[in-house]
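First up is the structure itself, then whatever we jot down about it.
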Amino acid sequence: MDGTIQTRDPYVMSKGMKFPKDGHFITGQLRAALRENRYEAKEAQCVLKLVRDEDTVIELGAGIGFMSTLVATRRKIKAVHAFEANPALIPYIRSVHEANELTNAHVTNALLGPRKGSADFYVRNNLLSSSMEPLDSDTPEKVEKVKVEVLNAKQTFKSIGANILIADIEGAEATLLPQLDLTGLRGAMIELHPQYIGPEGVNAVFKAMMDAGLAYYARGSTHKVVCFRRAW
């Protein structure tokens, strides 16, 4: 024994990014996926084929802050603006951005919709499975219904001026995306949730992208993670 004291590393490392060890958010399986670079691997592959230096990114559904941190550390973007409905995740996302010394990554606790207001959001014990819609399996012990601010989606997109969209919004993609003006986008990564939206919802997402002049990009897509680009 040389008398030195080993200090516990406060972070889980993933793809060069730091994630604070918070047992409420970074549980066993998630911790392993981060360490082994398996977490959001398909999404990361798609996004890194889309995002370039000087881009402005808007993210709908921020999770633990993985994607916003990835694009802000791997590319010299102007900014990434993440919107997350789950109020419980906001402090952790901000701690991830701070741990990685990011000044161009921003997170807002809000949903986007056709008009300003508020909406119900169902916070589940598994925070990353929380959503705008109740599930048959929900019980008072497993879910808490909270009110979340809704921002006008069109105004928000216009004020941010994003040219890249990242969306993982647990089924809301089928109703929200067709309402938006997406013509200013150069690319988009959408995680589809066919178990919630069905074939009609999947078609609605693809139609919204095609109407905006974006085409399906197979090289960046994997299963439910679909990538769209204006030009290949």
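In the numbering used here, the protein residues as written are 5 to 236.
Built from N, CA and C at the ideal position, the CB exists for glycine as well.
These numbers were taken from a predicted model, which means no experiment stands behind them.
For residue i, I'd like the list of residues in its chain whose CB is within less than 7 angstroms of its CB, leaving aside the five on either flank, ordered along the chain.
| i | result |
| --- | --- |
| K120 | V154, L155, N156 |
| V230 | I194, L196, Y220 |
| V75 | V51, V55, V61, I81, V84 |
| V16 | F23, K25, I30, R35, L38, R39 |
If we ignore side chains and look at the alpha-carbon of each, how far apart do residue i and residue j end up?
| i | j | result |
| --- | --- | --- |
| D59 | Y126 | 32 angstroms |
| L54 | M213 | 15 angstroms |
| A86 | Y200 | 23 angstroms |
| E105 | S18 | 15 angstroms |
| A137 | P95 | Inspection of the sequence shows that residue 137 is occupied by Glu rather than by Ala. Whole-angstrom Cα-Cα distance: 23 angstroms. |
| L218 | N113 | 28 angstroms |
| D124 | G65 | 15 angstroms |
| S225 | G32 | 28 angstroms |
| H227 | S163 | 32 angstroms |
| S141 | G191 | 36 angstroms |
| T77 | A166 | 18 angstroms |
Check this for me: beta carbons of residue i and residue j, under 8 angstroms apart or not?
| i | j | result |
| --- | --- | --- |
| K158 | D185 | yes |
| S135 | E174 | yes |
| K149 | R128 | no |
| E44 | F70 | yes |
Could you work out which residue in the options is closest to residue i when comparing CA atoms only?
| i | options | result |
| --- | --- | --- |
| V111 | V100, E148, P118 | V100 |
| K80 | R190, Q183, A36, R56 | R56 |
| A171 | I97, E88, D13 | E88 |
| L116 | P138, N108, T160 | T160 |
| T244 | N90, T73, D142 | What the structure shows of the chain is the stretch from 5 to 236, and residue 244 is not part of that stretch, so it cannot be assessed. |
| Q183 | A216, G165, R190 | A216 |
Leaving aside the five residues before and after residue i along the sequence, list all residues of the same chain whose C-beta is less than 6 angstroms from its C-beta, in chain order.
| i | result |
| --- | --- |
| E47 | V229 |
| L181 | V209, A212 |
| G205 | A178 |
| R233 | G191, Y221 |
Helix, strand or coil: which one does DSSP assign to residue i?
| i | result |
| --- | --- |
| P24 | strand |
| H110 | strand |
| M5 | With a pLDDT of only 48 at M5, under the threshold of 50, the placement of this residue in the model should not be trusted, and no figure is reported. |
| R79 | coil |
| A166 | coil |
| V100 | helix |
| G224 | helix |
| R119 | coil |
| D215 | helix |
Confirm the yes/no value for this check: CB of residue i, any heavy atom of the ligand COA, distance under 7 angstroms.
| i | result |
| --- | --- |
| H101 | What this structure holds is no ligand at all, so the ligand COA is not there to describe. |
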